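Chains as they are written, first to last, in the numbering used here: chain A, 1 to 545; chain B, 546 to 770; chain C, 771 to 870; chain D, 871 to 1203.
All C-beta atoms in this analysis are idealised placements derived from N, C-alpha and C, irrespective of residue type, glycine included.
Owing to the predicted nature of the structure, the values given are computational and were not obtained by experimental measurement.
Report on one structure; see the data block that follows.
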């Protein structure tokens, strides 16, 4: 351990958003976007570890071909793992924590446009979370996080309604965050902060907010219809009563595919910042990376049909959706190429955030490319609903988004807490996560192509070897996530005091705003004169407008 | 929130201006844009139901024609007129607020509220009529023409889902109007700052537009085919 | 809006137009137009809705940003309706026995 | 099957081509991954920061041609994937019109019930000959299941209330897995079975050996009599009900003016809910409602029997892939 445990020097810290006010009232009634970001950080981390426990229990169950916990329990495990991870961790995590904390200082604003709505969105998130957890405690749901009718409306006798209400409520938290970001980015930029000088972090979150605002209401109404159908059995999704279950799948995936872009776009947003800072170079093709975020947001709404290739969708609609799914892959590819090109002739250093960035580029590439397999109709017929799909979306979500989230947390840890985390522990944890992740999910690609279906509590014995390898990887991955939890909480109190700009990164939040920032982020209103990522100091404009 | 004096030199504290805004123009534009983004989410919220409606209208055109005979076009038409009048009085209320005429503002707000209540009352009459005919989807549902029993139940389900959600938005709108009237009575508004009136005006017009589409889709179409 | 107030005459005209359109759409629905009935009812509804948006909600004098968001809302609603219907309408079509 | 095989058995004609397409995508994927890993590693090492205070590098803001290049080239590779994948998909999901061996599979919560035209019925087992196009007609009695045979690379969701079809031609004799791939409740993972592929000769022996209480058509005829359909629909019905001779596959004029093709879904709906589509010139509410009395297997047998009553017109009907219940290829009057 390189850093000696010297007690931190007792200088009187200048007033900042943490020590300006104490007591639970200062936290639960705060309208300071930074404190709300921390409230979100603690609650989201809690949900992440609850979801993680369900994941580890699933992997334990899959050690044996006949399963450990029995079918019913396993069905509830994978359903709750899906619901908690998707709706209570992946969707809100980066926007509500890093986005909330950093967008105002990055654009030179004192706070978000609607601070009270920001606090309201946290309360709504907590209410939705509590309702979903009561569904867990009272016996769980066994429909899968996709709630397919007619099983969820007529045949399942578990707490589907309770879970649906929890998600319905939590959806509004996502809508309000998106609304807040859109208005803030439009109306509250500092003088001189033109659209072509916006950090790509803000571009990424702006695109994410568009999806949150336009997609989330559709799943809200879908869950309302699901709940009504479960009470009244009117038959809107029930084929025996004239309804069509494929309509539910359409309405569900209209939101749920753009939702995966809500999850990955903030990850990409963090990536642009990390790669630029640790290569000490402006992002290669700033305009292309910014526009590809918005392109992903728009095209993301046109591709949901690739979830229905085998579900009875008409062949022509499947063909159209398959083609559009290839079109939406192009912007993601552009982003990855631009990050790689940014390192060309840069000055690359290997602190923890950059290690997570390397992990992201590698794993997100594999995740994206396996997405092409699923967009190709003939292969999708073979691999959909198998472990190939499981591996694909975990590569994109855990390999991509969670890696970027960890990288972002480490990158802005000094700005948030005013302390430095232990660098070597950080690097070690990043490598453990990378190894554990690949060991967990790469075997699942092979399992998938061999035909092992998803959501199976027991499976034919010939798949056991790969499942055992995957479970071993899962335990390594779990260790990889626990280590940062420990040293970050330790560093928050005992870490060495951080200078204002430990990485000497560019950006208003590092250069103009003290560390940790005061309640209104700046001592004097910043005026922006140079382009974003002006590491080389030449300051030539990048015109994208 | 502890009222921390903003360290940054702010213009003399305009009425209702929040600390983090530079000036009231920026605050007004932010509120308007925020309201429009909210209305965007409402469009997609009702859009989901319109999606379900278009699919089932396309799948079961004959069943739809037979159910629309049970829709009371006179009440529906009159209700449309009521809502258009309420939009009209609402827009006059916003204009009165803009000119700082407190008495006119309150009278227009009250008339908008009254028209809203008339609409909800007529909606109750329609729902009661359906309740009497056992047309409420669920276990007690009955339908004259056995050919379309299942399809009729789906279409009545969509009818109640859409008009019910619309009525819910009307009730919320009425609540907002009541708070506006209370605030206006305590002359919280002035010619410089009347943003809440404007925002709730936008919301009210949106609810009216939803009904403008609901009325022909549910009541008129299918009479003849 | 920081603009000056709109004369009442304009609002009254728009109001009367809306009432007239409502009466006409009810009247037209009584006629026997078959498939054309739906199209007429929808065009009238769209006209009424755009009147309310343009005048009552004052998008007429709002910033281009507001107009952009109104357009975006309609475009996304269209995405949902068009793509869901594209599946249902094209279910009957199938390629010939040997398409290639 | 030992554990370290990348591919499951390929036992159908299309399995080979799906694997070839998979290899193509794998090649493109590996190429792209290797390229990116190489460049990231190469740049990171070559341009690593040697000393903390070295001068910041010269800015490179981007190059339009490079951006266009690495957008268009991957997209062209993707177009090949799209075209090949679509062709293969259409091939798999469009059964050939003539001389196919029809097998009827009904998914019920947590078992697969298989019926052969010659009357054999099996649970979670299926026997198919090699070298012959086999068309599966899939139905479900409760929730959405998905009939998945990895060895044939084929899967189709089985949506209750409608008939799905796909076809395959088995090539390699052996026993292969059947899985349910769409989550359907508690024993979703137990809803598995085996398909046994045999050469035609041993298939014939198996058919002869396996006890069959008469072909589906005979069983359909028995049900037709048992439920009293024969008195009205075949005898002289004194004008009370349409004769079902020579009806299947032909257009039928309904009393509300529509014309419908009498395909499986029309017959199924007319049995379960007769007053949904009443033929022109006949009253409603005479034929009793059979919903809940006949299960999916019985319905399939009745359909096979009614199909045998009519001379097979060039019916396009069975090709309708999925029509949600009660919606036919309705031609406007």
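* To do: Would you list the residues sitting across from residue 253 of chain A in a DSSP beta bridge?
  => Note: residue 253 of chain A sits in no beta bridge, so no partner.
* How would you list, in chain order, the residues of chain A whose beta-carbon sits under 7 Å from the beta-carbon of residue 574 of chain B? -> 187
* In three-state terms, what does DSSP make of residue 1064 of chain D? -> strand
* **Test item: CB-CB of residue 1179 of chain D and residue 1114 of chain D under 7 Å** => yes
* Asked: Alpha carbon to alpha carbon, what distance is there between residue 494 of chain A and residue 374 of chain A?
  -> 48 Å
* **Contact with chain D by residue 300 of chain A, beta-carbon distance below 7 Å** => no
* Along the segment 1011-1031 of chain D, what residues have a CB closer than 7 Å to any CB found in chain A? -> 1012, 1013, 1014, 1016, 1018, 1020, 1023, 1024, 1025, 1026, 1027, 1029, 1030 and 1031
* alpha helix (DSSP H) runs contained entirely in the segment 302-358 of chain A, provided each spans 4 or more residues -> 315-343
* To do: Would you please verify whether the beta carbon of residue 817 of chain C is less than 7 Å from any beta carbon of chain A?
  => no
* Under the three-state reduction of DSSP, which class applies to residue 1097 of chain D: helix, strand or coil? -> coil
* In whole angstroms, what is the alpha-carbon distance linking residue 17 of chain A and residue 178 of chain A? -> 24 Å
* Asked: Is residue 14 of chain A buried or exposed, if buried means 16 or more other CB atoms sit within 10 Å of its CB?
  -> exposed
* What's the gap between the Cα of residue 661 of chain B and the Cα of residue 667 of chain B? -> 10 Å
* What is the DSSP secondary structure of residue 1140 of chain D, reduced to helix, strand or coil? -> helix
* Does any residue of chain B bring its CB to less than 7 Å from the CB of residue 477 of chain A? -> no
* Per DSSP, which residues does residue 1121 of chain D bridge with? Please list them. => D:1131
* **Sufficient close CB pairs (3 or more, under 8 Å) joining the segment 647-661 of chain B to the segment 595-603 of chain B** => no
* **Near-chain A residues of the segment 913-945 of chain D - C-beta to any C-beta below 7 Å** => 913, 914, 917, 918, 919, 924, 926, 927, 928, 929, 930, 931, 932, 937, 940, 941, 944 and 945
* Asked: For residue 653 of chain B, does the three-state DSSP call read helix, strand or coil?
  -> helix
* Asked: How big is the Cα-Cα spacing for residue 838 of chain C and residue 573 of chain B?
  -> 18 Å
* **Cβ contact (3+ pairs, closer than 8 Å) linking the segment 687-704 of chain B and the segment 577-584 of chain B** => no
* Please classify residue 482 of chain A: is it buried, with 16 or more other beta-carbons within 10 angstroms of its beta-carbon, or exposed? => exposed
* Under the rule that 16 or more other beta-carbon atoms within 10 Å means buried, what is residue 1063 of chain D, buried or exposed? -> buried
* Which partner residues does residue 999 of chain D have in the DSSP bridge list? -> D:1068
* Asked: So the beta strand (DSSP E) residue 413 of chain A belongs to, where does it begin and stop?
  -> Taken as a continuous stretch (DSSP letters only), residue 413 of chain A belongs to no beta strand (DSSP E), being part of the alpha helix (DSSP H) at 403-417.
* To do: Could you pull out every residue in the same chain whose Cβ sits closer than 7 Å to the Cβ of residue 397 of chain A, ignoring the five residues on either side in sequence?
  => 90 and 263
* **is_contact[residue 119 of chain A, chain B] using C-beta, thresh 7 Å** => no
* Where DSSP assigns a beta bridge to residue 882 of chain D, which residues make up the other side? -> D:1040
* Boundaries of the beta strand (DSSP E) in which residue 977 of chain D is found, first to last residue -> 971-978
* Asked: Where does the unbroken alpha helix (DSSP H) through residue 25 of chain A begin, and where does it stop?
  -> 24-28
* **Span of the beta strand (DSSP E), counted from its first residue to its last, around residue 827 of chain C** => Note, residue 827 of chain C: premise wrong, no beta strand (DSSP E); not H, not E.
* For residue 249 of chain A, count neighbouring C-beta atoms within 10 Å of its own C-beta (all shown protein chains included) and say buried if the count is 16 or more, exposed if not. => buried
* Asked: Looking at the structure shown, is residue 1054 of chain D part of a helix, part of a strand, or coil, going by DSSP?
  -> coil
* For residue 1193 of chain D, which residues of its own chain have a beta-carbon under 7 Å away from its beta-carbon, when the five flanking residues on both sides are left out? -> With a pLDDT of 39 at residue 1193 of chain D, under the threshold of 50, the predicted position of this residue should be treated as unreliable, though the coordinate-derived value follows. So the list reads 1032 and 1135, once near-sequence residues are dropped.
* For residue 454 of chain A, does the three-state DSSP call read helix, strand or coil? -> coil
* Residues from the segment 837-854 of chain C in contact with chain B, defined by Cβ distance under 8 Å -> 839, 840, 842, 843, 844, 846, 847, 850, 851 and 854
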